[in-house]
Amino acid sequence: MSPALRKAGGQRPRLVAVSNRVVHPRGAARGGGLAVALLDALRERGGLWFGWSGQISDQPDSRPAVAEAGPIRLATLDLSQAEHDAYYNGFANRCLWPLFHLRLDLAAFDPQHYDGYMRVNRRLAGALWPLLQDEDQVWIHDYHLLPFAEALREQRARQQIGFFLHIPFPVPEMLTALPHYRELMRSLFSYDLLGFQTEDDVQRFRDCAVREFGAQLRGDSVTAFGRRLVAKAFPIGIDAREFAQLATSPAARLEFQRVRDPRPGRTVIVGVDRLDYTKGIPERFQAMERLLERYPDTHGQVELLQIAPTSRGEVPEYMAIREQLERIAGHINGLYAQLDWAPIRYINRPLGRRQLAGIYRASRIGLVTPLRDGMNLVAKEYVAAQDPADPGVLVLSRFAGAAQQMRAALIVSPYDATAVADALQTARYMPLEERRNRHAELMQGLLRNDAGAWRESFLDALQRCSAPGEESPAS
Ligand code: GDG
367 MSPALRKAGG
377 QRPRLVAVSN
387 RVVHPRGAAR
397 GGGLAVALLD
407 ALRERGGLWF
417 GWSGQISDQP
427 DSRPAVAEAG
437 PIRLATLDLS
447 QAEHDAYYNG
457 FANRCLWPLF
467 HLRLDLAAFD
477 PQHYDGYMRV
487 NRRLAGALWP
497 LLQDEDQVWI
507 HDYHLLPFAE
517 ALREQRARQQ
527 IGFFLHIPFP
537 VPEMLTALPH
547 YRELMRSLFS
557 YDLLGFQTED
567 DVQRFRDCAV
577 REFGAQLRGD
587 SVTAFGRRLV
597 AKAFPIGIDA
607 REFAQLATSP
617 AARLEFQRVR
627 DPRPGRTVIV
637 GVDRLDYTKG
647 IPERFQAMER
657 LLERYPDTHG
667 QVELLQIAPT
677 SRGEVPEYMA
687 IREQLERIAG
697 HINGLYAQLD
707 WAPIRYINRP
717 LGRRQLAGIY
727 RASRIGLVTP
737 LRDGMNLVAK
747 EYVAAQDPAD
757 PGVLVLSRFA
767 GAAQQMRAAL
777 IVSPYDATAV
787 ADALQTARYM
797 PLEERRNRHA
807 ELMQGLLRND
817 AGAWRESFLD
827 ALQRCSAPGE
837 ESPAS
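With my numbering, the residue at position 51 of the sequence shown is 417, and numbering never jumps.
(1) Could you pull out every residue in the same chain whose Cβ sits closer than 7 Å to the Cβ of T676, ignoring the five residues on either side in sequence?
(2) Using alpha carbons as the reference points, say which of L490, L691, L445 and D406 lies closest to D424.
(3) Would you mind giving the Cβ-Cβ distance between F457 and Y480, rounded to the nearest angstrom? I have them listed as a contact below 8 Å.
(4) Taking I604 as part of the alpha helix (DSSP H), name the residues at either end of that continuous run.
(5) According to the Cβ coordinates, are M540 and L468 closer than 8 Å?
(6) Comparing the CB of G767 with every heavy atom of the ligand GDG, is any distance shorter than 7 Å?
(7) If you run the structure through DSSP and keep just helix, strand and coil, what is G725?
(8) Would you say the beta carbon of H665 comes nearer than 7 Å to a heavy atom of the ligand GDG?
(9) Give the secondary structure of F457 by DSSP, where H, G and I count as helix, E and B as strand, and everything else as coil.
(10) Taking only heavy atoms of the ligand GDG into account, decide whether any of them is closer than 7 Å to the Cβ of I725.
(11) Could you please give me the residues that DSSP links to T564 through a beta bridge?
(12) The ligand GDG and M772: does the residue's C-beta get closer than 7 Å to at least one heavy atom of that ligand?
(13) Does the count of Cβ pairs from the region 506-521 and the region 555-572 closer than 8 Å reach three?
(14) How many angstroms separate the CA atom of E621 from the CA atom of L733?
(15) To the nearest angstrom, report how far apart L405 and P391 are at their CA atoms.
(16) Are L790 and V749 closer than 8 Å when you measure CB to CB?
(17) Considering only residues of the same chain and omitting the five flanking positions on each side of L812, which have a CB-CB separation below 8 Å?
(18) Once you ignore the five residues that flank P513 on each side, which residues in its own chain have a CB closer than 7 Å to its CB?
(19) When the distance is taken between beta carbons, is R727 closer than 8 Å to A613?
(20) Can you tell me where the alpha helix (DSSP H) with A618 in it begins and where it stops?
(21) Between the C-alpha atoms of R409 and Q652, what's the straight-line distance to the nearest angstrom?
(22) Between which two residues does the alpha helix (DSSP H) holding A686 run?
(23) Taking only heavy atoms of the ligand GDG into account, decide whether any of them is closer than 7 Å to the Cβ of V744.
(24) Which residues in the same chain have their Cβ closer than 7 Å to the Cβ of Q611, if we skip the five residues on either side of it in sequence?
(25) At the level of alpha carbons, what is the spacing between R548 and L462?
(26) Does the ligand GDG have a heavy atom nearer than 7 Å to the CB of M741?
(27) Does R830 pass the burial test, meaning 16 or more other C-beta atoms within 10 Å, or should it be called exposed?
(28) Counting pairs of Cβ atoms below 8 Å between the region 433-448 and the region 502-509, do you hit three or more?
(29) Helix, strand or coil for T644, going by three-state DSSP, please let me know.
(30) Are E669 and I635 close, meaning C-beta to C-beta below 8 Å?
(31) Using 8 Å for Cβ pairs, my map puts T644 next to R738. What's the rounded Cβ distance?
(32) Going by C-alpha distance, which of R524, G818 and Q563 is nearest F535?
(33) To the nearest angstrom, how far is it from the Cα of A618 to the Cα of I777?
(34) Taking buried to mean at least 16 other C-beta atoms within 10 Å of its own C-beta, is R624 buried or exposed?
(35) In the DSSP output, what is K598 paired with across the bridge?
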């Protein structure tokens, strides 16, 4: 929080964070970057984390289960199987996720899913409402909870409420394909602050608000449906210092030794992704095949280590991608493998965070090629894990939000297998000095825009929406 605000606003208000899943501090290392960033903020100012428990039950309790973990209070609700199918597997992951990632072809528009999504949002908001205090700052996360503030306002909540969208905001043509886009857009105007990953996302939101709803723009504020909100970019970061330390921990070193091949010319390329069709993994395998075709000096020398734990395994599109990957990897290995070498090593299981850090550090190239991604934290973790004296090279898709910040990476189009193959070959032979310069520039950016800076700038902006005596977005 800026000193001026601290003075103006006095004590920091209590933070209430709301996300689809609540992660207990004990499991935070598995929960990934968001869990760690939220827990740090909650620890610092004390607060409440509210959301789904991750459990399905036959008759979910209407009141949340509350647990204390030091200064943090965790309040969670179970969902019924029908709720989970419609809200999570259905509308959130089979409709909003593909649509917001420009996969209209995969989006399922099922009115029952939409009804279930709205019902769960209302039920969760109704359960949170009695736990709220007047001065709370409420921070809602991601596409599972778009209408959450509207549901809270229906309960007469007057707190300042902010929302952060972790995934891209779609172009208006895509959004308007959604049968319920009017209701969803209107519901966003119950927030005081909307945070997006990139300036492009903000611009698409503004375009949509103007084109479809005649919104008025002034500075960062957008007025429509009789309400004014602030829409801004807050690119999410990682705790780069902590991740760099993790990469030299004993567990990480062990993994480093298992992966790093000391023989000259041997290169490990690493890919780490939730198994998701937006991450461009089949296209990455094809780029690997192109590399082998175009550069025979890679045979027996270069290996792609792809770690892709199953995610959303109950959704049909995710089952299909798993089969597709096994087929392509089998084909490429069948064509090129030698008795003591295979070009693709594919692991379809989750690994520990420390293990991952060691693997990143041991890999000469980090290959991050999503077809569309809000930010992509793997790109940032890969850089943070490198040895600054002898760092690896990041090859990054221009369609990841991260590409707008990480200009010193080798930026590629994931659709252009030849360009990706050429970038890999460039990375293999990049001189040490260039690698060091690029890494230093990337690392500076990571340290400047880390997880702490991300959440503080968001919460400062939310506070500014309400700080007495300051210009509020509604003025
Ligand atoms: C959404 C947006 C945005 C992966 N495999 C393992 C594992 N992971 C961890 C990575 C990383 C996280 O999962 C993935 O984060 P990403 O940012 O790459 O992608 P999404 O999950 O799609 O996240 C994205 C993000 O939200 C934050 O705003 O950047 O654009 O889509 O931390 O390390 N972790 C462990 N084992 C694995 O096998 N421990």
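Just so you know, even glycine gets a beta-carbon here, dropped at the ideal spot from N, CA and C.
So, from the data block:
(1) L641, R688 and N714
(2) L445
(3) 5 Å
(4) First-last for I604: undefined, no H or E at that position.
(5) yes
(6) yes
(7) Correcting the residue identity first, residue 725 is Ile in this sequence and not Gly. I725 falls in the helix class under three-state DSSP.
(8) no
(9) helix
(10) no
(11) Bridge partners of T564: none, in fact.
(12) no
(13) yes
(14) 19 Å
(15) 7 Å
(16) no
(17) G603, I604, A606, K746, V749 and A750
(18) M484, N487, L550 and S553
(19) yes
(20) P616 to V625
(21) 45 Å
(22) P682 to Y702
(23) yes
(24) none
(25) 14 Å
(26) yes
(27) buried
(28) no
(29) helix
(30) yes
(31) 6 Å
(32) Q563
(33) 28 Å
(34) exposed
(35) G561
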